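K.L.:
Submitted below is the structure of interest, expressed as structure tokens.
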Amino acid sequence: MNAVIIAVLLMLILSLLRVNVVLALVAGAIAGGLAGGMSINATITSFTEGLGSGATIALSYALLGGFAVAISKTGIPQILVNAMLKIVKKDGQEDRTALGKVLIILILLLVAIFSQNLIPIHIAFIPLLVPPILHILNLLKVDRRLIASVLTFGLTASYILLPYGFGFIFHQILAIQMDAAGLPINMADIPKAMALPVAGLVVGLLIAVFISYRKPREYEDRKMEIAEEVVTIKTRNIVFTVLALIGALAVQIPTQSMIAGAITGIFILYITGALKWKEADRLINEGMRMMAFVGFVMIAANGFASVLQETGHIATLVENTSNLLGDNKGLAALLMLLIGLIVTMGIGSSFATIPIIAAIFVPLSLEFGFSTMAIIALIGTAGALGDAGSPASDSTLGPTAGLDADGQHNHIWDSCVPTFLHYNIPLIIFGWATAMILF
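For any residue, its number in the numbering used here is found by taking its place in the sequence shown, counting from 1, and adding 4.
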């Protein structure tokens, strides 16, 4: 059996059994390496060497966490929370329940989208914004699986479709890797090719909101260990915070570095006096603690990916699939999407999946006669598949970090499984339809 399939299946099974995700990734990597003919020493060496490539990601998240904490001290999250409190009366009267639920969902959706394209702090806003409103969600009896689905949609659909912020990085990786595989493309064509697959995500979101999780769900109103700190909201600080966000985005896009963007934003906050220099060390430490678990998972995921690549079974999986297809273009498109799903579910990063699959999918797609636009859709969708639903993805780790602040939201069953069902299935259907329409 293919080593990639064995590694990913074991990792997923262990995660579903509630084994720590980092341990599941390590076990999956070892099983995959051994199944791929590698010795235990070679497997461990490959895994260890792969960890280094995840260090940049971990540092990025740590600094983004520090940036997010710094922003929180200027009062912007408090303004959002206060707005939500005004929407919902403290006694939870029925006349405001429906309106409060709708507006809170819209606010969280917009903030999630902005975190990818406009305000480049990625998932760092979730542990700051979500825990303080869990009491509100409890009053409204909102199913937290719905909130996880809403947040994951905002974290994924926006970068897949829009070429700004993290979306710019995703689109650029897609264009560079397709060019390296022998098919130069125009980056302006990517949003056009990905519009219909993203429409599939919209369908999944609507199903989650209006069908799957529309019924009330009871939660205990537990006390949480959240530091209650009174923040004085000043207009000048809000203005400087907006300038910091603009500066972070302006630096991040040309440098393609989340680290540079986060440092720029933090520096602007300090140099303008919105935050005091003496608070720098404490804020960075808070941010690092907040994002530590996500960072460790992403580091382990890179070691996992290194082992899978070392086995050579990713190429074997694609080649064997190609040999079974004959000239069936529809089946070829479907299997390429499924391969992307398997790889991304294991790695947890659509950004890291594109370089792995593009070198193989481009010549394979050209051999079947797919158009350039269809190939963009196939590779873009195949790379994005699995980002929602993977235990190692920041698109599921982020929502869990906020929603489980009181210990009532399970990462696998309340974040990964719901987002997998509502987003990966429609993404496969709409991605396949796009490839066939643009063929």
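From the three backbone atoms N, C-alpha and C, an ideal C-beta is built for every residue, glycine too. Keep in mind that this is a model prediction, so the values were computed, not measured.
1) Indicate the three-state DSSP secondary structure (helix, strand or coil) for Glu224 in the structure shown.
2) Only counting runs of 4 or more residues, tell me where the alpha helix (DSSP H) segments fall wholly within the region 264 to 349, in order along the chain.
3) Is the distance from the Cβ of Leu431 to the Cβ of Leu389 below 8 Å?
4) With a threshold of 6 Å on Cβ separation, who are the neighbours of Thr160 within its own chain once the five nearest residues in sequence on each side are excluded?
5) Thr423 and Gly387 - do their beta-carbons sit closer together than 8 Å?
6) Check whether the Cβ atoms of Ala378 and Pro131 sit closer than 8 Å, and answer yes or no.
7) Where Leu113 and Leu21 are concerned, what is the direct C-alpha to C-alpha distance, given to the nearest angstrom?
8) Under 8 Å Cβ to Cβ from Ala152, same chain only, skipping five residues before and after it: list those, please.
9) Is it buried or exposed for Ala185, if we count other Cβ within 10 angstroms and need 16 for buried?
10) When DSSP labels each residue in this structure, what does Arg240 get in the three-state scheme?
11) If I follow the unbroken alpha helix (DSSP H) through Asn190, where does it start and stop?
12) Using the Cβ count rule (16 or more neighbours within 10 Å means buried), how would you classify Thr315?
13) Determine the DSSP secondary structure at Thr78, reduced to helix, strand or coil.
14) Would you call Ala35 buried or exposed, if buried means 16 or more other Cβ atoms sit within 10 Å of its Cβ?
15) So Gly149 is in the alpha helix (DSSP H); what residue range does that whole segment cover?
16) I think Leu187 touches Thr376, with their Cβ atoms under 8 Å apart; what is that distance to the nearest whole Å?
17) How should Glu98 be labelled, buried or exposed, when 16 other C-beta atoms within 10 angstroms of its C-beta is the threshold for buried?
18) In or out: Ala102 buried (at least 16 other Cβ within 10 Å) or exposed?
19) Taking the C-alpha atoms as reference points, what is the distance between Leu200 and Lys333?
20) Cα-Cα, which of Leu249, Met5 and Ala31 is closest to Gly307?
21) Give the straight-line distance between the Cα atoms of Lys280 and Val243, rounded to the nearest whole angstrom.
22) Which first and last residues belong to the alpha helix (DSSP H) in which Val134 is found?
23) Could you pull out every unbroken alpha helix (DSSP H) segment of at least 4 residues lying fully inside the region 348 to 396, listed in chain order?
24) For Val202, does the count of other Cβ atoms within 10 angstroms reach 16, so buried, or fall short, so exposed?
25) Would you mind stating whether Ile164 and Gly384 have Cβ atoms separated by less than 8 Å?
26) Please identify the residue among Leu341, Leu55 and Thr239 whose C-alpha is closest to the C-alpha of Gly277.
27) Check whether the region 137 to 155 touches the region 210 to 228, taking contact to mean three or more Cβ pairs, one atom from each stretch, closer than 8 Å.
P.N.:
Concretely, from the data shown:
1) Here residue 224 refers to the residue found at position 220 when the sequence shown is read from its first residue. Here Glu224 sits in coil by DSSP.
2) 284 to 315 and 317 to 329
3) Taking the sequence shown and counting its residues from 1, the one referred to as residue 431 is at position 427. Taking the sequence shown and counting its residues from 1, the one referred to as residue 389 is at position 385. Yes, the Cβ-Cβ distance between Leu431 and Leu389 is below 8 Å.
4) Position 156 of the sequence shown, counted from the first residue, corresponds to residue 160. Asp391, Ala392 and Ser399, listed in sequence order.
5) Within the sequence shown, the letter at position 383 stands for residue 387. Within the sequence shown, the letter at position 419 stands for residue 423. Taking 8 Å as the Cβ cut-off, Gly387 and Thr423 do not qualify as a contacting pair.
6) One-based indexing of the sequence shown puts residue 378 at position 374. One-based indexing of the sequence shown puts residue 131 at position 127. It is not a contact, given that the beta carbons lie outside the stated cut-off.
7) Locating residue 113 in the sequence shown gives position 109, where the first residue counts as 1. Locating residue 21 in the sequence shown gives position 17, where the first residue counts as 1. One C-alpha to the other measures close to 30 Å.
8) By 1-based counting over the sequence shown, the position of residue 152 is 148. Result list for Ala152: Thr400, Pro403, Thr404, Leu407, His413, Asp418, Ser419, Pro422 and Thr423, in chain order.
9) Mapped onto the sequence shown, residue 185 falls at position 181. Looking at its Cβ environment, which holds 16 or more other Cβ atoms inside 10 Å, Ala185 is buried.
10) Stepping through the sequence shown from its first residue, residue 240 is reached at position 236. Helix.
11) As a first step, residue 190 must be located in the sequence shown, where it is residue number 186. Element bounds for Asn190: n/a, residue is neither H nor E.
12) Locating residue 315 in the sequence shown gives position 311, where the first residue counts as 1. Sixteen is the threshold: when 16 or more other Cβ atoms of the shown chains lie within 10 Å of the Cβ of Thr315, as they do, the residue is buried.
13) Indexing the sequence shown from 1 puts residue 78 at position 74. DSSP places Thr78 outside both helix and strand once states are collapsed to three, so it counts as coil.
14) Walking along the sequence shown from the start, residue 35 turns up at place 31. The residue in question, Ala35, is buried, as its Cβ has 16 or more Cβ neighbours within 10 Å.
15) Within the sequence shown, residue 149 is the residue found at index 145, counting from 1. First, the residue type needs correcting, since residue 149 is Arg and not Gly in the sequence shown. Taken as a continuous stretch (DSSP letters only), the alpha helix (DSSP H) holding Arg149 covers Arg148 to Leu165.
16) Numbered from its first residue, the sequence shown carries residue 187 at position 183. Numbered from its first residue, the sequence shown carries residue 376 at position 372. About 7 Å separates the two Cβ atoms, so the contact holds.
17) For the purposes of this step, residue 98 is taken as the residue at position 94 of the sequence shown. Bear in mind that a pLDDT of 45 at Glu98, under 50, signals an unreliable position, so the number given afterwards is only what the model happens to contain. Exposed, by the Cβ-count rule.
18) For the purposes of this step, residue 102 is identified with residue 98 of the sequence shown, where counting begins at 1. That one is exposed.
19) For the purposes of this step, residue 200 is taken as residue 196 along the sequence shown, with counting starting at 1. For the purposes of this step, residue 333 is taken as residue 329 along the sequence shown, with counting starting at 1. Straight-line Cα distance between these residues: approximately 19 Å.
20) Translated into positions along the sequence shown, residue 307 becomes position 303. With distances taken between Cα atoms, Gly307 lies closest to Ala31.
21) Translated into the one-based positions of the sequence shown, residue 280 becomes position 276. Translated into the one-based positions of the sequence shown, residue 243 becomes position 239. Taking the straight line joining both Cα atoms gives about 16 Å.
22) Within the sequence shown, numbered from 1, the residue matching residue 134 stands at position 130. Run containing Val134: none; DSSP gives neither H nor E here.
23) 354 to 372 and 376 to 388
24) Within the sequence shown, numbered from 1, the residue matching residue 202 stands at position 198. Buried: at least 16 other Cβ atoms inside 10 Å.
25) Taking the sequence shown and counting its residues from 1, one reaches residue 164 at position 160. Taking the sequence shown and counting its residues from 1, one reaches residue 384 at position 380. For the pair Ile164 and Gly384, the CB atoms are nearer than the 8 Å cut-off.
26) Looking up residue 277 in the sequence shown gives position 273. Measuring from the Cα of Gly277, the nearest candidate turns out to be Thr239.
27) yes
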